[in-house]
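The structure under discussion appears below in the form of structure tokens.
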Amino acid sequence: MQIDRERLTQYLDKIASETKDIEMLLVRPDEEILGDRHLLKSLKYSTIVIAEAVASTLQHILAKRNNAVVDGYMEVFTRSREYHVVSDELISRLQPFLRFRNMLVHQYWRVKDQIFLKNLRDGLRDFHEFGKEISASYSNADT
128 MQIDRERLTQ YLDKIASETK DIEMLLVRPD EEILGDRHLL KSLKYSTIVI
178 AEAVASTLQH ILAKRNNAVV DGYMEVFTRS REYHVVSDEL ISRLQPFLRF
228 RNMLVHQYWR VKDQIFLKNL RDGLRDFHEF GKEISASYSN ADT
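For what it's worth, the numbering used here labels the leading residue of the sequence shown as 128, then goes sequentially.
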């Protein structure tokens, strides 16, 4: 089966848009962000949207290119590593964001805002890198 380039583009556009929104908020100092629950909620929501778009991108590629079916978000990363969908290093760096997404969705009260903010600042470049790797490898591919 062929990869749907239009679908990949939609996922990557969503990742890029949410990443830009995050970057616009992260120009503020941590103290300001931590003191404004609406800013924190915005950052957390964008992180959830990005994690879901990353997982959907990987799931689509696995299904179309490798005929692989995955059961749940975490298996997406296991299978993506197995089939070398993106670099192992990038998968290792993105996987915590998906775990974090699950924690936000299912155990919101357990997330420490300071840790979230630090991890988001440290990992923001990985969202850009994911888009670049997927675009370079699959956007023009007929596989």
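Here a beta-carbon is modelled for each residue, glycine too, at the ideal position from N, C-alpha and C. Just so we're clear, the structure is a prediction, and the values are computed from it rather than from any experiment.
Looking at C-alpha atoms only, which residue of the options is the closest neighbour of residue i?
i      : options                           : result
Met128 : Arg134, Val203 and Arg192         : Arg192
Pro223 : Val238, Tyr210, His211 and Glu209 : Val238
Glu292 : Leu247, Asn194 and Leu135         : For residue 292 there is no data in the structure shown, the boundaries of the chain being 128 and 270.
Would you mind stating whether residue i and residue j have Cβ atoms separated by less than 8 Å?
i      : j      : result
Leu189 : Val181 : no
Leu167 : Gln241 : no
Gly258 : Ile175 : no
Asp249 : Leu217 : no
Leu225 : Met201 : yes
Ser173 : Asp148 : yes
Tyr265 : Ile130 : yes
Glu260 : Ser207 : no
Asp187 : Leu135 : Going by the sequence as given, residue 187 is His instead of Asp. Closer than 8 Å, so yes.
Ser169 : Leu153 : no
Considering just the uninterrupted stretch of the alpha helix (DSSP H) at residue i, what are its terminal residues?
i      : result
Gln129 : Counting along the chain, Gln129 falls outside any alpha helix (DSSP H), and DSSP gives it neither H nor E.
Leu161 : Asp157 to Leu161
Tell me, to the nearest whole angstrom, how far the beta carbon of residue i is from that of residue j; I am working on the premise that it is less than 8 Å.
i      : j      : result
Ala228 : Glu179 : It should be pointed out that residue 228 corresponds to Arg in this sequence rather than to Ala. With a Cβ gap of about 7 Å, Arg228 and Glu179 count as contacting.
His255 : Thr184 : Wrong, their Cβ atoms sit about 14 Å apart, outside the cutoff.
(Q) Suppose only complete runs of 4+ residues qualify. What are the alpha helix (DSSP H) ranges in the region 180-246, listed by chain order? (A) 200-209 and 215-233
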